[in-house]
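Trainee: Have a look at this one before I ask anything.
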Amino acid sequence: MDAELLALANTAGTTVVGLLVTDAWGKAKSAVGVLWQRVHPDRAAAVQAELEEARAEVVAARAAGDETDEPALVVEWQARLRRLLAADPGVAAASRRLLDEELIPALPADTRSWAGDVDIHAKASGHGRTYVVGQGEQHITGR
16 MDAELLALAN TAGTTVVGLL VTDAWGKAKS AVGVLWQRVH PDRAAAVQAE
66 LEEARAEVVA ARAAGDETDE PALVVEWQAR LRRLLAADPG VAAASRRLLD
116 EELIPALPAD TRSWAGDVDI HAKASGHGRT YVVGQGEQHI TGR
């Protein structure tokens, strides 16, 4: 699997699990169902039911103060989405659109992270310096 599809599956898995404990969890369930319907229509309803079970697990774990279940579910859903994209790489465009237009905007603002292609070109000459950051913060100290 190429790096772009891998990153897409990982972002999608993280986002879907992140939405399970929000009011927008139905969007995640619907989006996952749409993707499975395109590739494995016979499994779409079962996958949505499994996502409901995952939601129940995350909600129960959070209520109990258990932080171990959620990362495991992220890994599980990332793997499922990787297999889905590997079965039909053509579904990548629909996956990216669902992520960008529906799922990531539905995440709470403090949990959103931007993921995408970054193309940065920097050039310095003489005694010039360049400072580049693709995401996050950059703090420069020193002279």
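Residue numbers (the working numbering): 16 to 158.
Ideal Cβ placement from N, Cα and C applies to all residues, glycine included.
Mind checking whether glutamate 91 and lysine 42 have CB atoms under 8 Å apart?
Mentor: It is not a contact, given that the beta carbons lie outside the stated cut-off.
Trainee: Between the C-alpha atoms of leucine 114 and histidine 142, what's the straight-line distance to the nearest angstrom?
Mentor: Cα to Cα, leucine 114 sits roughly 43 Å from histidine 142.
Trainee: Check whether the Cβ atoms of threonine 30 and isoleucine 119 lie closer than 8 Å to each other.
Mentor: A contact, by the Cβ cut-off of 8 Å.
Trainee: For leucine 96, which residues in the same chain have their Cβ closer than 6 Å to its Cβ, ignoring the five residues on either side in sequence?
Mentor: Here the set comprises Ala24, Ala27, Gly28.
Trainee: For lysine 44, is the classification buried or exposed, using 16 other Cβ atoms within 10 angstroms of its Cβ as the cut-off for buried?
Mentor: Lysine 44 comes out buried.
Trainee: In the DSSP assignment, the alpha helix (DSSP H) including aspartate 84 goes from what residue to what residue?
Mentor: Start and end: 84-102.
Trainee: What first and last residue would you give for the alpha helix (DSSP H) that runs through glycine 48?
Mentor: 40-54 is the span of the alpha helix (DSSP H), which, as asked, contains glycine 48.
Trainee: Report back the beta-carbon spacing between valine 62 and leucine 35 to the nearest angstrom; my notes put them in contact at under 8 Å.
Mentor: Wrong, their Cβ atoms sit about 14 Å apart, outside the cutoff.
Trainee: Using alpha carbons as the reference points, say which of Thr83, Glu82, Leu100, Leu122 lies closest to glutamine 52.
Mentor: The option with the nearest alpha carbon to glutamine 52 is Leu100.
Trainee: So what's proline 123 in DSSP terms, helix, strand or just coil?
Mentor: DSSP places proline 123 in coil when its eight states are reduced to three.
Trainee: Buried or exposed: which applies to glycine 33, given that a residue is buried once 16 or more other Cβ atoms fall within 10 Å of its Cβ?
Mentor: With 16 or more other Cβ atoms within 10 Å, it is buried.
Trainee: Checking 8 Å against the spacing of the C-beta atoms, do alanine 107 and leucine 50 come in under that value?
Mentor: Taking 8 Å as the Cβ cut-off, alanine 107 and leucine 50 do not qualify as a contacting pair.
Trainee: How big is the Cα-Cα spacing for alanine 109 and leucine 88?
Mentor: Each residue's alpha carbon lies about 23 Å from the other.
Trainee: What first and last residue would you give for the alpha helix (DSSP H) that runs through arginine 70?
Mentor: First-last of the alpha helix (DSSP H) with arginine 70: 59-78.
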